[in-house]
Amino acid sequence: AAGIATYANALSNQLAPQEGMVAAQHSLTFAANGWVEPATAPNFGPLKVFYPGPGHTSDNITVGIDGTDIAFGGCLIKDSKAKSLGNLGDADTEHYAASARAFGAAFPKASMIVM
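Residue numbering for the sequence shown follows the working numbering, starting at 70 and increasing by one per position.
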């Protein structure tokens with residue numbers, strides 16, 4: 070990463086070699102309530118990192134920017150007009166809806182969602 074620190078969900082780092090990918094330098098761990106353990110996310114400033122649970126993938130993470138109405142839902146969140154959830158090859162369809170609701174509860178003031 071050319072001297073740039075990289076971070077990923079610890080589960081992502083565990084799965085990376087199986088998928089032929091290189092793990093990030095640092096692993097993020099999450100409390101039972103889904104919020105990142107601060108010791109694993111130093112210097113993240115206004116970024117609020119949240120693991121909503123398995124959904125589009127087992128390891129998806131989401132991020133909000135503290136003090137704003139912006140949240141990044143990534144592949145977990147779909148446009149309300151979407152006719153499908155897209156590629157579900159790595160999805161946990163049993164828990165997807167609950168994880169999407171957890172994202173909404175984590176960032177209730179978000180009026181701009183980045184997908």
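Just so it is clear, CB atoms sit at the ideal spot from N, CA and C, and this is done for glycine as well. In this text, all values refer to a predicted model and were calculated from it rather than measured experimentally.
Judged by DSSP in its simplified three-state form, Asn78 adopts strand.
For Thr109, the closest C-alpha among the options Ala160, Arg170, Ile146, Asn78 is that of Asn78. Contact annotation, Ser180 with Asp148: C-beta distance approximately 15 angstroms; criterion of less than 8 angstroms not satisfied.
Under the DSSP assignment, Phe172 falls in the alpha helix (DSSP H) whose first and last residues are 165 to 175. For Ile182, the enclosing beta strand (DSSP E) begins and ends at 181 to 183.
Burial is judged here by how many other beta carbons sit within 10 angstroms of a residue's own beta carbon; Pro111 has fewer than 16 and is exposed. The beta carbon of Trp104 is closer than 7 angstroms to those of Phe119 in its chain, skipping five residues each way along the sequence. Around the beta carbon of Thr131, 16 or more other beta carbons sit within 10 angstroms, so the residue counts as buried.
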